[in-house]
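Here the structure is laid out as structure tokens; the discussion comes afterwards.
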Amino acid sequence: MGTCVDTCSTTAGRRDGGTRQQRTRDTIDNRYARFYKPCPLVRNFQTQTQTQTPPLDRIEETTAAAVEDLWAKMREEASLDAEQEPILSGYYYTSILSQTSLEGALANHLAVKLCNSSLPIGTLFDIFAGVLGENPGAVRAVKADLRAVKERDPACISYVHCFLGFKGFLAIQAHRVAHELWRRQRKALALLIQNRVSEVFGVDIHPGARIGEGVLLDHATGVVIGETAEVGNDVSILHGVTLGGTGKIGGDRHPKIGDGVLIGAGTCVLGNIRVGAGAKIGACSVVLKEVPARTTAVGNPARLIGGKENPTKLDKMPSFTMDHTSHIAEWSDYVI
Amino acid sequence: MGTCVDTCSTTAGRRDGGTRQQRTRDTIDNRYARFYKPCPLVRNFQTQTQTQTPPLDRIEETTAAAVEDLWAKMREEASLDAEQEPILSGYYYTSILSQTSLEGALANHLAVKLCNSSLPIGTLFDIFAGVLGENPGAVRAVKADLRAVKERDPACISYVHCFLGFKGFLAIQAHRVAHELWRRQRKALALLIQNRVSEVFGVDIHPGARIGEGVLLDHATGVVIGETAEVGNDVSILHGVTLGGTGKIGGDRHPKIGDGVLIGAGTCVLGNIRVGAGAKIGACSVVLKEVPARTTAVGNPARLIGGKENPTKLDKMPSFTMDHTSHIAEWSDYVI
Amino acid sequence: MGTCVDTCSTTAGRRDGGTRQQRTRDTIDNRYARFYKPCPLVRNFQTQTQTQTPPLDRIEETTAAAVEDLWAKMREEASLDAEQEPILSGYYYTSILSQTSLEGALANHLAVKLCNSSLPIGTLFDIFAGVLGENPGAVRAVKADLRAVKERDPACISYVHCFLGFKGFLAIQAHRVAHELWRRQRKALALLIQNRVSEVFGVDIHPGARIGEGVLLDHATGVVIGETAEVGNDVSILHGVTLGGTGKIGGDRHPKIGDGVLIGAGTCVLGNIRVGAGAKIGACSVVLKEVPARTTAVGNPARLIGGKENPTKLDKMPSFTMDHTSHIAEWSDYVI
Numbered sequence: 001m002g003t004c005v006d007t008c009s010t011t012a013g014r015r016d017g018g019t020r021q022q023r024t025r026d027t028i029d030n031r032y033a034r035f036y037k038p039c040p041l042v043r044n045f046q047t048q049t050q051t052q053t054p055p056l057d058r059i060e061e062t063t064a065a066a067v068e069d070l071w072a073k074m075r076e077e078a079s080l081d082a083e084q085e086p087i088l089s090g091y092y093y094t095s096i097l098s099q100t101s102l103e104g105a106l107a108n109h110l111a112v113k114l115c116n117s118s119l120p121i122g123t124l125f126d127i128f129a130g131v132l133g134e135n136p137g138a139v140r141a142v143k144a145d146l147r148a149v150k151e152r153d154p155a156c157i158s159y160v161h162c163f164l165g166f167k168g169f170l171a172i173q174a175h176r177v178a179h180e181l182w183r184r185q186r187k188a189l190a191l192l193i194q195n196r197v198s199e200v201f202g203v204d205i206h207p208g209a210r211i212g213e214g215v216l217l218d219h220a221t222g223v224v225i226g227e228t229a230e231v232g233n234d235v236s237i238l239h240g241v242t243l244g245g246t247g248k249i250g251g252d253r254h255p256k257i258g259d260g261v262l263i264g265a266g267t268c269v270l271g272n273i274r275v276g277a278g279a280k281i282g283a284c285s286v287v288l289k290e291v292p293a294r295t296t297a298v299g300n301p302a303r304l305i306g307g308k309e310n311p312t313k314l315d316k317m318p319s320f321t322m323d324h325t326s327h328i329a330e331w332s333d334y335v336i
Numbered sequence: 001m002g003t004c005v006d007t008c009s010t011t012a013g014r015r016d017g018g019t020r021q022q023r024t025r026d027t028i029d030n031r032y033a034r035f036y037k038p039c040p041l042v043r044n045f046q047t048q049t050q051t052q053t054p055p056l057d058r059i060e061e062t063t064a065a066a067v068e069d070l071w072a073k074m075r076e077e078a079s080l081d082a083e084q085e086p087i088l089s090g091y092y093y094t095s096i097l098s099q100t101s102l103e104g105a106l107a108n109h110l111a112v113k114l115c116n117s118s119l120p121i122g123t124l125f126d127i128f129a130g131v132l133g134e135n136p137g138a139v140r141a142v143k144a145d146l147r148a149v150k151e152r153d154p155a156c157i158s159y160v161h162c163f164l165g166f167k168g169f170l171a172i173q174a175h176r177v178a179h180e181l182w183r184r185q186r187k188a189l190a191l192l193i194q195n196r197v198s199e200v201f202g203v204d205i206h207p208g209a210r211i212g213e214g215v216l217l218d219h220a221t222g223v224v225i226g227e228t229a230e231v232g233n234d235v236s237i238l239h240g241v242t243l244g245g246t247g248k249i250g251g252d253r254h255p256k257i258g259d260g261v262l263i264g265a266g267t268c269v270l271g272n273i274r275v276g277a278g279a280k281i282g283a284c285s286v287v288l289k290e291v292p293a294r295t296t297a298v299g300n301p302a303r304l305i306g307g308k309e310n311p312t313k314l315d316k317m318p319s320f321t322m323d324h325t326s327h328i329a330e331w332s333d334y335v336i
Numbered sequence: 001m002g003t004c005v006d007t008c009s010t011t012a013g014r015r016d017g018g019t020r021q022q023r024t025r026d027t028i029d030n031r032y033a034r035f036y037k038p039c040p041l042v043r044n045f046q047t048q049t050q051t052q053t054p055p056l057d058r059i060e061e062t063t064a065a066a067v068e069d070l071w072a073k074m075r076e077e078a079s080l081d082a083e084q085e086p087i088l089s090g091y092y093y094t095s096i097l098s099q100t101s102l103e104g105a106l107a108n109h110l111a112v113k114l115c116n117s118s119l120p121i122g123t124l125f126d127i128f129a130g131v132l133g134e135n136p137g138a139v140r141a142v143k144a145d146l147r148a149v150k151e152r153d154p155a156c157i158s159y160v161h162c163f164l165g166f167k168g169f170l171a172i173q174a175h176r177v178a179h180e181l182w183r184r185q186r187k188a189l190a191l192l193i194q195n196r197v198s199e200v201f202g203v204d205i206h207p208g209a210r211i212g213e214g215v216l217l218d219h220a221t222g223v224v225i226g227e228t229a230e231v232g233n234d235v236s237i238l239h240g241v242t243l244g245g246t247g248k249i250g251g252d253r254h255p256k257i258g259d260g261v262l263i264g265a266g267t268c269v270l271g272n273i274r275v276g277a278g279a280k281i282g283a284c285s286v287v288l289k290e291v292p293a294r295t296t297a298v299g300n301p302a303r304l305i306g307g308k309e310n311p312t313k314l315d316k317m318p319s320f321t322m323d324h325t326s327h328i329a330e331w332s333d334y335v336i
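Chains as they are written, first to last, in the UniProt record's numbering: chain S, 1 to 336; chain F, 1 to 336; chain E, 1 to 336.
Right, here's the structure in full:
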């Protein structure tokens, strides 16, 4: 998929006369390719959509050193923050500095956030620590998401800032645990985590949903992702987005979101439809039909920028650029 | 109302050539009729809209045996879950198994969810238990809502799953108590419950609003229902829906939603307008004018599928089918 | 700005034939002018947009007597509520009656709402009380917001009702503290408050955002306001509204909302664009371009009522009238 998009975008770049800055695009494209490693959690999705040569590997992501680095970096950030803000030293000590690993800190932090008077913090910690500890891929996914937030959200000032406070980041991590429990048929527990995450973070992800790595849920309030939805790698989704089903019958009824897609705030994507890799969907759109790869769909109902027959192709990965508005000029009926 | 819709839909079925499967529709229609009992809480609304022969009665709903059955079923489900997931046995014991009645369990569960350091759990329990205990109709409404969720939401795996975790279900039950307090002029208490429900569940229902029975608030985050809004029986409302007012003057200023209506995610219905029984409103729509019964309104601003003069009539109850997308083909300007 | 709008609206009133009731408008206009005092927190914004004669002063707002009065009134309301609802007497005592000042009560109430097991209530109280105590303008802003809610929201029955329970009001007050900390380079603490407010109230306001006085966030769930956004005085914003950025590059990237603007539920305003003073934006709109002062923009994408070339000018301040629907007749393609 990565290679495919990379190749296509080069072609597209030539087709539209090379008007866009070549250097910027190449930089983006390289990052584009680098990130397209199939994610174990969404293997089926990858198999379905991956019809080209295998994508480049994220070599640096899998080494123990990289894992070490990010956790060490977070401890460093926490120390600095605690020093500058002594009133929070207890908070940083409990949350980060007294913890011995990224996964331990995450299990503790999620337990603190999600506990209530009938769900003791210890019970929740045991659940999170148990699942994270048994999953070698879990830490890699946590790291990929932390990097995604830090790189794409200009309002994120440090890894520890994201780790401690970003609702979207924390909701996805809790979801990964719930998804693993769901796979093991521990449905009651998985659904309980879903419900607590929905109450505490306002993010409602069914434990059956498959979410890739390097995913950013920005602001996150009101996001709803249904049971049979699939979200690829390196996707950016804003708050208030629904990946919803239709009908009261079970079965495969939710959207499949390709790698590198950007979905703007308040958008509804409904039904078992595919949003192709590298596509962009504008804010407050309603999408009820397939969106081809690397196109831009906007409006209610959504239309393709450039027209249905020959839609304009994006040459930059929208989830990385986070560009929500550059399509205005081509949105013909915009008359303000 | 039920009879009316039933009759009309048969006619409509013939009019459009009987192309839809007759058996499926009849089953739906029977359930349609069966559910149309005027709800005590929205009696005025029923009186206003009910111009035909009286609807069929929900006989089985009012017998003590049926009440007993659902609670027994929930205890059974809780026992099974606790057995399969010993880490949650304390949670199920406190929430369900140690409780002696459905209303007691509900009062306790709402108190657990809504308490904080300045609102002790005991105070809240006394309030909820008091109102639920004095209201013979309360348990019937709780049961109708539990059944609505279980029957219409394919992601709901058991009554106890809904009871313990569904924000929309819990928000409606807390609202019923707040509404009763509001009717008794205990406004400060009613508004306090509204505020806590808005904080904890992200659902903001003014205690003055009248909500029928058998109502599903799916996902529920971001739902806002104003003071003079009325919601009929057997309505399904998705997350992010606003039944809002207009203007700063008090008085009757919010929408009236008929029985069996389905409202998609993110939709705004504003002003004192009527949405007729059995109508469907698509996701992210903006509805500022009356929507006739059994029609489909979609878009921003909303339009009627089939046109204003001769709108297509639905022959199935949209809140039961939960079909959010079958109108695409008729949504003419949808060009993806 | 106030004078400007005042003058213009008189002219506009003549231009459109004086069909609107003169007396009502004059009353509104007087209040319009009365409220246009530059807010210290958004001085830069004021300086940029203020090209006319200086606005009238809010004399009564700055006197100690007025400050005293509102707090005395709140204590009176709390006493009455506690008397009528003895079950809540402890709640009212802790929250209001045992407090010695408005700012003390606010610091305590925010600490109660935002604390959790890793952020003790005492720590949060010290932070809020410290900042509020050092800021002579803080109490004035709190009062202006309380008055805004009470005057514009017909569902608000008393100051103490708003103070104790309105998520939007509490989120703005917590934001004011976070903004002051942000200005003092105490970023970790400011961002922590942002995150807790987003979790507890579902309102995500970056501490860098500049918010004026007399602002109403009605219902508030799902509101997102970005780092470089500016919101003028006397603005009314409904729930689900996004003042969002575009792109992954930092810098000035969020909307600037003028004084007296009304933004309907679920609307997205994206990018560094200006919404002129006294403009109205309909519910569920998508605004990606500048909206001129005192015009009405509605739809997805938003259009100006009256057309781009000669848009209809409002003669009443939309944030005060809270009129969300009177533009229907002019919204030409609305066909229901």
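C-beta: ideal position from N, C-alpha, C; glycine also.
Consider the Cβ of residue i: report whether some Cβ of chain F lies at a distance smaller than 8 Å.
i      : result
K316/E : no
H219/S : no
I225/E : no
N116/S : yes
G244/S : yes
Starting from residue i, trace the beta strand (DSSP E) in both directions and tell me its first and last residue.
i      : result
T242/E : 242-244
I237/E : 236-238
V142/F : Per DSSP, V142/F belongs to no beta strand (DSSP E); it is in the alpha helix (DSSP H), 136-152.
Per DSSP, which one or two residues make a beta bridge with residue i?
i      : result
K256/S : E230/S, R274/S
I225/E : I205/E, L243/E
V286/E : C268/E
R210/S : E230/S
Can a CB atom of chain E be found closer than 8 Å to the CB of residue i?
i      : result
K248/F : yes
H324/S : yes
Q84/S  : yes
Taking the continuous alpha helix (DSSP H) assigned at residue i, which residues delimit it?
i      : result
T100/S : That residue, T100/S, is in no alpha helix (DSSP H); it is neither H nor E in DSSP.
T321/S : 318-321
Distance check for residue j and residue i, CA to CA, integer angstroms please.
i             : j      : result
T53/S         : L88/S  : Note that T53/S scores 36 on pLDDT, short of 50, meaning its location in the model is unreliable and no value can be drawn from it.
R25/E         : L314/E : Confidence at R25/E is low in this model, with a pLDDT of 39, below 50, so its placement is unreliable and no value can be given for it.
R34/S         : G104/S : Bear in mind that a pLDDT of 37 at R34/S, under 50, signals an unreliable position, so the model cannot answer this.
residue 386/S : N135/F : What the structure shows of chain S is the stretch from 1 to 336, and residue 386/S is not part of that stretch, so it cannot be assessed.
G245/E        : V149/S : 15 Å
N300/S        : Y159/S : 36 Å
E85/F         : V142/E : 49 Å
W71/S         : T94/S  : 15 Å
Q46/F         : R210/F : Caution applies to Q46/F, whose pLDDT of 35 falls short of 50 and renders its modelled position unreliable; the value that the coordinates give is listed next. If I take the Cα positions, the gap works out to 11 Å.
V177/E        : G214/E : 16 Å
residue 341/S : H324/S : Look at the range of chain S in this structure, 1 to 336, and you will see that residue 341/S is not part of it.
Give a yes or no on whether 8 Å exceeds the smallest Cβ distance from residue i to chain S.
i     : result
P40/F : The predicted position of P40/F is uncertain, since its pLDDT is 35 and thus under 50; no value can be drawn from it.
Q21/E : With a pLDDT of 41 at Q21/E, under the threshold of 50, the modelled position of this residue cannot be trusted, and the question is left open.
Residues, ordered as in the chain, of the segment 171-190 of chain S that lie near chain F by beta-carbon distance below 7 Å: Here the close residues are R186, K187, A188, L189.
Under 7 Å (Cβ pairs) to chain F, residues found in the segment 190-203 of chain S: Of all residues in the segment 190-203 of chain S, only L191, L192, N195, S198, E199, G202 place a beta-carbon less than 7 Å from a beta-carbon of chain F.
Interfacial residues, the segment 258-284 of chain E to chain F, with Cβ spacing under 8 Å: So the close ones are G264, A265, G266, G282, A283, C284.
Using a Cβ-Cβ cutoff of 7 Å, what residues of the segment 149-162 of chain S are near chain E? List them in chain order. In summary, the residues of the segment 149-162 of chain S whose CB is separated from some CB of chain E by less than 7 Å are R152, P154, A155, I157, H161, in the order they occur in the chain.
Using a Cβ-Cβ cutoff of 8 Å, what residues of the segment 125-145 of chain F are near chain E? List them in chain order. Within the segment 125-145 of chain F, contact with chain E at the beta-carbon level (separation under 8 Å) is assigned to D126, I127.
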